[in-house]
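Residue 107 is where the sequence shown starts when you use this note's numbering, and the numbers rise one by one after that.
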Amino acid sequence: MHAHDLALVQGVERTRTALDQWNEHPWRTLRPWAIGAVLVAFGLLGAVWVVATQATPDPTPLSLPGYSAPPTLGDASGILFRNLLVLALHAFACVAGFIAGSSLPREADRHSGVWRWIHDRAGPLAIAFVSAATTFSLATQAYILGSTASTLAAQLNISPALLLVGLLPHAIPELTALFLPLAAWLIASRRGRWDELLAATFVTVAISLPMLVIAAGIEVWVSPHLLHLLAGS
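Listed below in structure tokens is the structure:
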């Protein structure tokens, strides 16, 4: 095997080509990703609201940075760190999609017999695995966030819907940033453009990072004031 045959080495060439093409009309490329990420974000918030209305609040009070205690830079850093882990997971899904959907089918042409059979089926299986892992991640997030929202709404003596309204200023940019790589993954899979996913990973992560920093700041220093107003305290 030559170095040129490695998936990521081939990806560098395709990434340069994709970036050159996108640079001519950047908004045409970014718009469907942004719309897709916002739709997924609102879908998750809807699921969180459903779970919050059905879950039994935990009687143990929750500590909310900026609301129950003065906000600190450490609070924002902790939120940012957790979000970066989720972003990394979604970015790796993009890279896996590139390898499974683009490189493995091309590599199958170089083999025969059992090895060709493995390469022919490894791509669809890897894509199915990434899809299942992503679905599980979203379902888990909806359940955990919904349960937390139920408890927090009861603690503040407001409805889950009103609680989510108070969290929207940071939740929308935060969730949009987190789901931007997944939106690129979904759009590429529908169009069969797996070879663009490595470039999409770099672009979406570069856009998401500053959005997550801003969202963490809003969550710690702005959203608590909105919750105070909504709770009448």
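Virtual Cβ for every residue (Gly too), placed ideally from N, Cα, C. All figures in this text were calculated on a predicted structure; none of them were measured in a lab.
Through-space distance from residue j to residue i, alpha-carbon basis
i: Leu251; j: Thr159; result: 12 Å
i: Val309; j: Pro287; result: 9 Å
i: Val118; j: Phe198; result: 16 Å
i: Trp327; j: Ala140; result: 26 Å
i: Ala255; j: Arg120; result: 43 Å
i: Gly184; j: Ile324; result: 14 Å
i: Val157; j: Tyr249; result: 6 Å
i: Ala234; j: Gly298; result: 15 Å
i: Thr257; j: Asp181; result: 20 Å
i: Ala277; j: Ala153; result: 14 Å
i: Ala322; j: Leu186; result: 6 Å
i: Asn189; j: His334; result: 25 Å
i: His110; j: Val201; result: Unreliable placement is indicated for His110, whose pLDDT of 44 sits below 50; the coordinate value is still reported in the next sentence. When rounded, the distance between both Cα atoms is 18 Å.
Contact set for residue i: own chain, Cβ-Cβ below 6 Å, skip 5 residues either direction
i: Leu332; result: Gly272
i: Thr282; result: Ala143, Val144 and Ala147
i: Trp128; result: Thr135
i: Ala290; result: Trp139, Ala306 and Thr310
Helix, strand or coil at residue i [DSSP, three-state]
i: Pro287; result: helix
i: Ala238; result: helix
i: Ala322; result: helix
i: Pro171; result: strand
i: His334; result: helix
i: Asp164; result: coil
i: Ser265; result: coil
i: His196; result: helix
i: His276; result: helix
i: Thr178; result: coil
i: Met107; result: In this prediction, Met107 has a pLDDT of 47, which is less than 50 and means its spatial position is unreliable; what the coordinates show is noted afterwards. In this structure, Met107 counts as coil in the three-state DSSP scheme.
i: Val328; result: coil
i: Gly342; result: Given a span of 107 to 339 for the chain in the structure shown, any question on residue 342 remains unanswerable.
i: Gly149; result: helix
i: Gly298; result: coil
8 Å contact criterion, which residue i and residue j should meet: CB distance rounded
i: Ala352; j: Ser265; result: No information on residue 352 is available, as it lies outside the stretch 107 to 339 that the chain covers here.
i: Ser169; j: Ala175; result: 6 Å
i: Gln247; j: Leu150; result: 6 Å
i: Leu274; j: Ser243; result: Not confirmed; about 22 Å, so no contact.
CA nearest to the CA of residue i, picked from the options
i: Arg122; options: Thr178, Glu302 and Gln261; result: Glu302
i: Pro167; options: Asn263, Val154, Thr307 and Val311; result: Asn263
i: Glu280; options: Trp155, Met317 and Leu244; result: Met317
i: Val192; options: Leu292, Phe285, Leu179 and Leu268; result: Phe285
i: Pro165; options: Gln261, Ile320, Gly298 and Ser329; result: Gln261
i: Pro138; options: Trp155, Ala245, Leu244 and Arg296; result: Arg296
i: Trp133; options: Trp155, Ile313 and Pro163; result: Ile313
i: Val236; options: Leu292, Ala267 and His131; result: Leu292
i: Leu336; options: Leu269, Leu315, Val319 and Ile320; result: Leu269
i: Trp155; options: His131, Ala245 and Leu179; result: Ala245
i: Val319; options: Pro163, Leu179, Glu130 and Tyr173; result: Leu179
i: Gly338; options: Tyr173, Glu130, Ala238 and His131; result: Tyr173
i: Ser329; options: Pro163, Pro171, Leu231 and Leu315; result: Pro171
7 Å Cβ shell around residue i - same chain, five flanking residues per side excluded
i: Leu125; result: Ala305
i: Thr240; result: Ala199 and Leu288
i: Ala267; result: Trp155
Contact test: residue i Cβ vs the ligand PLP heavy atom, cutoff 7 Å
i: Gln261; result: Judged by which ligands are present, the structure shown has none, so any question about the ligand PLP falls away.
Proximal residues to residue i (C-beta, below 8 Å), its chain only, five neighbours per side dropped
i: Pro163; result: Ser256, Thr257, Ala259, Ala260 and Gln261
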